[in-house]
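Participant: Below is a structure I'd like to ask you about.
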Amino acid sequence: MATNEQLAQQAQNSTRAAKRLMAIVGLATGIEWATSSGDTVRVEPHDGGWGVFSSGVLWATRPNASSAVDLAARALPPADADLAALLTWTVCGHSRI
Numbered sequence: 804m805a806t807n808e809q810l811a812q813q814a815q816n817s818t819r820a821a822k823r824l825m826a827i828v829g830l831a832t833g834i835e836w837a838t839s840s841g842d843t844v845r846v847e848p849h850d851g852g853w854g855v856f857s858s859g860v861l862w863a864t865r866p867n868a869s870s871a872v873d874l875a876a877r878a879l880p881p882a883d884a885d886l887a888a889l890l891t892w893t894v895c896g897h898s899r900i
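Counting from 804, one number per residue, gives the positions in the sequence shown under this note's numbering.
Shown next as structure tokens:
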């Protein structure tokens, strides 16, 4: 039988996995997050490329989703540490940025 600590760790791992899945699914139409300062950042298709919006204002554009997410995650990082890790690291543990 699992201890309370083990159950808590399993729940935390499940929550992280769900956040990652939702972030990846969201990339098809755009992705949005809040920064630690409370700004809302959204990366979405824009004029044949991808736009980075900060609090609803177009901040930058890039030719593809990957470069737009890289730029946004570096300049306007998510407050959520799990999402920040997902956006800035590859599965091999090497920095994408």
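Here a beta-carbon is modelled for each residue, glycine too, at the ideal position from N, C-alpha and C. Computed from a predicted model, the values in this text were never measured in an experiment.
In whole angstroms, what separates the C-alpha of S858 from that of A837?
Facilitator: Between S858 and A837, the C-alpha separation is close to 9 Å.
Participant: Whose C-alpha, out of E847, D873 and T818, is nearest the C-alpha of T832?
Facilitator: Looking at the Cα atoms, E847 is the closest of the given residues.
Participant: Hey, D885 and R819 are a contact pair by Cβ (cut 8 Å); roughly how many whole angstroms apart?
Facilitator: 5 Å between Cβ atoms; contact.
Participant: Do V901 and A876 have their CB atoms nearer than 7 Å?
Facilitator: In the structure as shown, the chain starts at 804 and stops at 900, and residue 901 therefore has no counterpart that could be examined.
Participant: Over the uninterrupted alpha helix (DSSP H) stretch that includes S839, give me the two end residues.
Facilitator: S839 -> no alpha helix (DSSP H), and no H or E assigned at all.
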